[in-house]
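Residue numbers (my numbering), protein chains in the order written: chain A, 14 to 761; chain B, 238 to 427.
Just so you know, even glycine gets a beta-carbon here, dropped at the ideal spot from N, CA and C.
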Amino acid sequence: MKITCTALVCVFISLFLSTSCVQAVFSDDAFITDWQLANLGPWDKIIPDARDNNRVLIVSNPTETSSLISSFNISSGQILFRNVLPYTIDEIQLDNDDHNAVVCVDSSSQRWQKFDLHDWFLLDEGVGHAPATTVFSQSSYPNDQVVIKDNELHILDNESSLAEWKLDLPHGFNKVEYFQYQDPLVLVLNVNNTQYLGFSVNGTELAPAWQRDESLTNVVDYAVLDVFDSKDLELNNDMIAERDSSSLLNAYWLRVTTNWNRFTNLLKENHFSPGRVFTRLLALDSKDTTTSNLKFGFAKTLIVLTRNGIIGGLDMVNKGQLVWKLDLQIEQGVKMFWKDNNHKELIIFSRDGHYLTIELATGFPVIKSTTSLLSKDVESVIKLDDNQYEYLIKFDNGNHQLLKLDPLVGHTNSSIFITEHDSNGIFGHMIVNDEVQDTWQRTVKPMEKIVAFNKRDETNLNSLGITLGDKSVLYKYLYPNLAAYLVTNKEHHTITFNLIDTITGEVLITQEHKDSPDFRLPTDIVFGEYWVVYSYFSLDPVPEQKLVVVELYESLTPDERLSNTRRGYDPLTGQTNKLQFISKQYVFPEIIKKLTISKTTNDITTKAIVMELENGQITYIPKLVLNARSKPEDQMTNEDKKEFMAAPYAPIVPINDNFVITHYRNLILGPDSKLISIPTNLESTSIICDLGHDVFCTRITPSGQFDLMSPTFEKGKLLITIFILLVITYFIRPSVSNKKLKSQWLVK
Amino acid sequence: MSQQEPEEWAEHLLDTKYIEKYTIQNSNTLASPPGFENGASKGSVSKKQREATSQATSLAQKNQTTTLQVQKAWQIAFQPAKSVPMNIFMSYMSGTSLQIIPIMTALMLLSGPIKAILSTRSAFKPVLGNKETQSQVQTAMFMFIVFQGVLMYIGYRKLNSMGLIPNSKSDWLPWEEIVDYNRGLKWFSD
Numbered sequence: 014m015k016i017t018c019t020a021l022v023c024v025f026i027s028l029f030l031s032t033s034c035v036q037a038v039f040s041d042d043a044f045i046t047d048w049q050l051a052n053l054g055p056w057d058k059i060i061p062d063a064r065d066n067n068r069v070l071i072v073s074n075p076t077e078t079s080s081l082i083s084s085f086n087i088s089s090g091q092i093l094f095r096n097v098l099p100y101t102i103d104e105i106q107l108d109n110d111d112h113n114a115v116v117c118v119d120s121s122s123q124r125w126q127k128f129d130l131h132d133w134f135l136l137d138e139g140v141g142h143a144p145a146t147t148v149f150s151q152s153s154y155p156n157d158q159v160v161i162k163d164n165e166l167h168i169l170d171n172e173s174s175l176a177e178w179k180l181d182l183p184h185g186f187n188k189v190e191y192f193q194y195q196d197p198l199v200l201v202l203n204v205n206n207t208q209y210l211g212f213s214v215n216g217t218e219l220a221p222a223w224q225r226d227e228s229l230t231n232v233v234d235y236a237v238l239d240v241f242d243s244k245d246l247e248l249n250n251d252m253i254a255e256r257d258s259s260s261l262l263n264a265y266w267l268r269v270t271t272n273w274n275r276f277t278n279l280l281k282e283n284h285f286s287p288g289r290v291f292t293r294l295l296a297l298d299s300k301d302t303t304t305s306n307l308k309f310g311f312a313k314t315l316i317v318l319t320r321n322g323i324i325g326g327l328d329m330v331n332k333g334q335l336v337w338k339l340d341l342q343i344e345q346g347v348k349m350f351w352k353d354n355n356h357k358e359l360i361i362f363s364r365d366g367h368y369l370t371i372e373l374a375t376g377f378p379v380i381k382s383t384t385s386l387l388s389k390d391v392e393s394v395i396k397l398d399d400n401q402y403e404y405l406i407k408f409d410n411g412n413h414q415l416l417k418l419d420p421l422v423g424h425t426n427s428s429i430f431i432t433e434h435d436s437n438g439i440f441g442h443m444i445v446n447d448e449v450q451d452t453w454q455r456t457v458k459p460m461e462k463i464v465a466f467n468k469r470d471e472t473n474l475n476s477l478g479i480t481l482g483d484k485s486v487l488y489k490y491l492y493p494n495l496a497a498y499l500v501t502n503k504e505h506h507t508i509t510f511n512l513i514d515t516i517t518g519e520v521l522i523t524q525e526h527k528d529s530p531d532f533r534l535p536t537d538i539v540f541g542e543y544w545v546v547y548s549y550f551s552l553d554p555v556p557e558q559k560l561v562v563v564e565l566y567e568s569l570t571p572d573e574r575l576s577n578t579r580r581g582y583d584p585l586t587g588q589t590n591k592l593q594f595i596s597k598q599y600v601f602p603e604i605i606k607k608l609t610i611s612k613t614t615n616d617i618t619t620k621a622i623v624m625e626l627e628n629g630q631i632t633y634i635p636k637l638v639l640n641a642r643s644k645p646e647d648q649m650t651n652e653d654k655k656e657f658m659a660a661p662y663a664p665i666v667p668i669n670d671n672f673v674i675t676h677y678r679n680l681i682l683g684p685d686s687k688l689i690s691i692p693t694n695l696e697s698t699s700i701i702c703d704l705g706h707d708v709f710c711t712r713i714t715p716s717g718q719f720d721l722m723s724p725t726f727e728k729g730k731l732l733i734t735i736f737i738l739l740v741i742t743y744f745i746r747p748s749v750s751n752k753k754l755k756s757q758w759l760v761k
Numbered sequence: 238m239s240q241q242e243p244e245e246w247a248e249h250l251l252d253t254k255y256i257e258k259y260t261i262q263n264s265n266t267l268a269s270p271p272g273f274e275n276g277a278s279k280g281s282v283s284k285k286q287r288e289a290t291s292q293a294t295s296l297a298q299k300n301q302t303t304t305l306q307v308q309k310a311w312q313i314a315f316q317p318a319k320s321v322p323m324n325i326f327m328s329y330m331s332g333t334s335l336q337i338i339p340i341m342t343a344l345m346l347l348s349g350p351i352k353a354i355l356s357t358r359s360a361f362k363p364v365l366g367n368k369e370t371q372s373q374v375q376t377a378m379f380m381f382i383v384f385q386g387v388l389m390y391i392g393y394r395k396l397n398s399m400g401l402i403p404n405s406k407s408d409w410l411p412w413e414e415i416v417d418y419n420r421g422l423k424w425f426s427d
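Here is the structure:
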């Protein structure tokens, strides 16, 4: 008995040791969770690359002021590289002197640039006469080798003129975009204007080799559709019930009972067999991420509205695969909203004065209705209230229309204030009896321009103040009706930051920068819970990208609260407690194009500032790095150092390579890209997307993945250990009782 | 060897009543050693003298007990004070990081004195009940409580330095109410 026991223990120990030899886990999600749709835009020209028959140069003009030259592998459908030129080109020519150089010419402005064909380095540029060049023969198919007959495409043999290859024309066929007879035979068809189908010879017939959809370029707005699993909905309902329960004790009891029920259900489902439960628990660890994607809210459909009036649904967990697409037949998309909170209907406003209701109940979009608005030329649309189905539409001529989708809903008791802005001013409005009335306006001087504007972010309030190192509190200024904007002044070469009370129009903070800001480079502003971060490029004393943070507090004296819950504040008369602010400037090593704030479900995760850089990369830094209260190290007291994430003031914020979330991708986003953050079910994780010419999405975790079991957590090992302990106790128990009995009988 | 009669004690080894038959000579009846004078063996000394000496000795004895009791009382009172320097040193050395061992020692520093204060009377029981020493013992008791208070203060300081005493505004921040500025007012922006 003794020997068998020892042997068993030895076996278990050796088993345990063998399982605990940890294998390296590579948990980097790069190129797994993130994806990019690299677009070319509608093809304007295709030019064969003389050096390689598989390659072509494609010219497209994604915006009115820029053009894109791409090298494209025509037989595999892969983009080899893309190069954006800051002007539109209509001709590409080969240099007579150097056959490795091409000259891109804009014939209207006579501007030209010479590039090396291999690496696309700029060799020369100028205005006027381009160097002696040969115009590239642009490929078209006037040759009589391709014939279309009765919905069939025939490729004829050169000599016999008999059909060598035949192909049924695809639905929506528009034209033959490109044809090349030899080495290899390539045929590119244009379908529905924006789709390109590549065919190559596969055995004895023409077979589709690749497909590209260029319709989803230039996204103007987006909406997110959550994909649910019914089980998760149940879980969600449990969580909502827990949150809404009257007391802490009730909530606790509810959690205990639901968890117990879940456990008994698990046992019932597995017919009370421990083995089955065990294997099922182990199976949860499987590499299949579908369930976790559903559960964690990563499975979403990103619905994008393009300038051309096309909406497309992109599967966010499936590398942005196009799930569906619908051409709305409108002139230009302006704005898109979910009509209701259930996310079943979309309402889309078009520039030509229409709004469309799109039903998504079946998963595929159906146009339910198209209605005309009062006027054409829609400039902007503001959704007023989630429950009232009210929209305020502004037209180019400055008129407004208040659109009520549900006419039965009467006037609301609350007064509604609106703030609108353009580059010349900020305008306050008020809705009285369904009429839009002007309240105040702040227009800028002739040499001035508003370059960036942002309202205060709507966040869940988790704490009224910031706890300092000595446990005292700095109270945040939480007055909600605030907006921040930047004004450039060309006369005095300044950039001014303003914070405005949007009910009264009172300017609360003005901060002027006289370090010769460069107005050609982008500026942006974001407004978080109680802080503002803005970026601009200055030339004095050395050219540098500046990042300025302004933090708003009730008082800068710790433990002093100036807002009073018992006092009735009236924003209309301006009778509110005024703010105090503190500001600090930082230097960033790259030119920043766009800023956004990471959003999470409950706003508990520390905020990150996501930045789209001018070089086409996206990076982020924690907001805590940009701290307006930070001091140089020698001025920091011991108490200061105790504060959460306290760091001495270091004016240069470096780019950490690990925080470049685009990795080595080359994104082309255009001037009007939208950098957005979408919360997921996991508080730690936020989805970041950049929508523009390309579409790019990834996930970030600004405070680390604190609510996700790490992939190195070995559930199997834990279960095995528990099992071994149970077995050991099972064997040791009789021997212990045996020993007890013997000791009572004084037997050794 | 002829068989001997068994000894008497051996015969009555199991008889429990046997021992009772013996008359035990009390040591009091023995004569005192030479030079030791006691009331019982001083036939030559007069009764008056005897009384006087006995009074003097009982007084001296009483005084001695009083001093002893007071001494003992102060000893008890100073007992917690002895551990003060060590506790100060310990709490200083263990740092302010939140770890279970320093927290436990600090909590013990808080709870120990409370228990000791509540059981002050039992701690002073050996020296209580004497009317003459009552005031001095009470002073000692007071000092005992003071020294326990000092120990408690060390524990409190320790917990406070670890940030476990909710005595600042930040500890009560979640319970503070937020001001609703937008009563009956809604604001939207583009």
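Asked                                                                                                                              : Found
Inter-stretch contact at 8 angstroms, needing at least 3 Cβ pairs: the stretch 483-500 of chain A / the stretch 567-580 of chain A : yes
Cβ of A:Leu-397 within 8 angstroms of any chain B Cβ                                                                               : yes
Residue ranges of each alpha helix (DSSP H) within the stretch 152-226 of chain A, 4 or longer                                     : none
Heavy atom of the ligand PLP within 7 angstroms of A:Glu-247 beta-carbon                                                           : Questions concerning the ligand PLP fall outside what the structure shown contains, since it holds no ligand whatsoever.
Burial state of B:Ala-310, where buried means 16 or more other Cβ atoms lie within 10 Å                                            : buried
Any C-beta of chain D under 8 angstroms from that of A:Phe-430                                                                     : Absence of chain D from the displayed structure is noted, the protein chains being A and B.
For A:Ala-496, the three-state DSSP class (helix, strand or coil)                                                                  : strand
Closest residue to B:Ser-328 among B:Ala-360, B:Asp-427, B:His-249 and B:Lys-395 (Cα-Cα distance)                                  : B:Lys-395
Coil, strand or helix - A:Thr-101 by DSSP                                                                                          : coil
Any 3 or more C-beta pairs closer than 8 angstroms across the stretch 708-719 of chain A and the stretch 728-741 of chain A        : no
Extent of the continuous alpha helix (DSSP H) to which A:Asn-651 belongs                                                           : 651-654
Sequence ranges, beta strand (DSSP E) only - wholly within the stretch 499-536 of chain A, length at least 3                       : 507-514 and 520-526
According to DSSP, residues forming a beta bridge with A:Leu-688                                                                   : A:Asp-703
Where the beta strand (DSSP E) containing B:Met-323 begins and where it ends                                                       : No beta strand (DSSP E) contains B:Met-323, which is instead part of the alpha helix (DSSP H) from 321-330.
Minimum C-alpha distance to A:Val-666 - residue among A:Lys-559, A:Thr-46, A:Arg-579 and A:Met-658                                 : A:Lys-559
Neighbour flag for A:Ile-741 against chain B, beta carbons, 8 angstroms                                                            : no
C-beta neighbour in chain A for B:Tyr-329, strict 8 angstroms                                                                      : no
Under 8 angstroms by beta carbon: chain B residues contacting A:Gly-482                                                            : By Cβ distance, chain B contributes nothing, its closest Cβ being about 10 angstroms from A:Gly-482, past 8 angstroms.
Simplified DSSP assignment, three categories, for A:Asn-274                                                                        : helix
B:Lys-279 versus B:Thr-303 - alpha carbon distance                                                                                 : At B:Lys-279 the pLDDT is 47, less than 50, meaning the model places this residue with poor confidence and gives no usable figure here.
Under 8 angstroms by beta carbon: chain B residues contacting A:Gly-518                                                            : Residues of chain B passing the Cβ test: none, with the nearest at roughly 12 angstroms.
First and last residue of the uninterrupted alpha helix (DSSP H) at B:Met-373                                                      : According to the sequence displayed, residue 373 of chain B carries Gln and not Met. 371-398 is the extent of the alpha helix (DSSP H) around B:Gln-373.
Classification of A:Gly-139 by the beta-carbon crowding that lies within 10 angstroms, buried from 16 upward                       : exposed
Any C-beta of chain B under 8 angstroms from that of A:Lys-755                                                                     : no
Counterpart residues of A:Arg-95 in DSSP-defined beta bridges                                                                      : A:Ser-83
Close-in-space but distant-in-sequence residues of the same chain around A:Thr-698 (CB under 6 angstroms, 5 per side omitted)      : Arg-712 and Thr-714
For B:Gln-298, the three-state DSSP class (helix, strand or coil)                                                                  : helix
CB contact check: B:Leu-410 to chain A, cutoff 8 angstroms                                                                         : yes
Cα-Cα separation, A:Ala-37 to A:Pro-724                                                                                            : Reliability of the predicted coordinates at A:Ala-37 is poor, the pLDDT of 31 falling under 50, and the value obtained from them is presented with this limitation in mind. Their Cα atoms are separated by approximately 11 angstroms.
Chain A within 8 angstroms of B:Ser-407, Cβ atoms only                                                                             : yes
Interfacial residues, the stretch 304-324 of chain B to chain A, with Cβ spacing under 9 angstroms                                 : none
Collapsed DSSP secondary structure at A:Pro-287 in the structure displayed                                                         : helix
For B:Leu-355, the first and last residue of its enclosing alpha helix (DSSP H)                                                    : 337-355
Contact with chain A by B:Leu-401, beta-carbon distance below 8 angstroms                                                          : no
Where the stretch 241-266 of chain A meets chain B: residues whose CB sits under 9 angstroms from a CB there                       : none
Nonlocal neighbours in the same chain, by C-beta distance under 8 angstroms from A:His-367, ignoring five residues either side     : Ile-343, Thr-383, Thr-384, Ser-385 and Leu-386
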